[in-house]
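Everything in the sequence shown is counted per the working numbering, starting at 916 for the first residue and increasing by one. Heads up: the structure comes next, in structure tokens.
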Amino acid sequence: MSDTLETTAHEGEATDADHSAHDPAAHHGYIGDKQRYLNRLKRIEGQARGIRSMVEDEKYCIDILTQISATTAALESVALGLLEDHLRHCVVDAARQGDEQAEEKIREASAAIARFVR
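So, in structure tokens, the structure goes:
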């Protein structure tokens, strides 16, 4: 199995492979909050393990659904934070440069937003 992750993209969406040419020295907008994001993701991992345990222990369906809802909300919160960081940093920086990279960043952000509203 490869160490690189390639995702299947819908039309107009970028895959991880599309971003392989990015400058490795470039910083992503979330980098200042990286530890905060990692801590939140660790909590979400714990929530997901808890849901699995609830199913294994045959807990009440509504209780499991409540935990799934909380975990989904936590993931959406992380995703929206990353999107906001992307807009504030990556898109704004590309727009300041004013080249075709700006259009690409706007298309990427639009595709990400579209995935949220589906």
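All C-beta atoms, glycine included, are put in the ideal place defined by N, C-alpha and C. Just so we're clear, the structure is a prediction, and the values are computed from it rather than from any experiment.
Quiz prompt | Simplified DSSP assignment, three categories, for Y952 | solution = helix
Quiz item: Is there at least one non-hydrogen atom of the ligand PLP closer than 7 Å to the beta-carbon of A994?
Solution: The ligand PLP is absent from the structure shown, which contains no ligands of any kind.
Practice problem: Look at the alpha carbon of L980 and the alpha carbon of L956, and state the distance between them as a whole number of angstroms. | Solution: 20 Å
Quiz item: Along the chain, where does the alpha helix (DSSP H) that runs through R1022 open and close?
Solution: E1015 to V1032
Self-check item: Coil, strand or helix - E971 by DSSP
Solution: The answer is helix: DSSP assigns E971 an H, G or I state.
Quiz prompt | Inter-residue Cα distance where the pair is E1018 and L995 | solution = 21 Å
Quiz item: Once you ignore the five residues that flank D948 on each side, which residues in its own chain have a CB closer than 8 Å to its CB?
Solution: G996 and D1000
Quiz item: Hey, A985 and Q962: beta-carbon distance below 8 Å or not?
Solution: yes
Quiz item: Hey, L1002 and A1026 are a contact pair by Cβ (cut 8 Å); roughly how many whole angstroms apart?
Solution: Rounded, the Cβ-Cβ distance is 13 Å, inconsistent with contact.
Exercise. Would you identify the three-state DSSP class for H1001, choosing helix, strand or coil?
Key: helix
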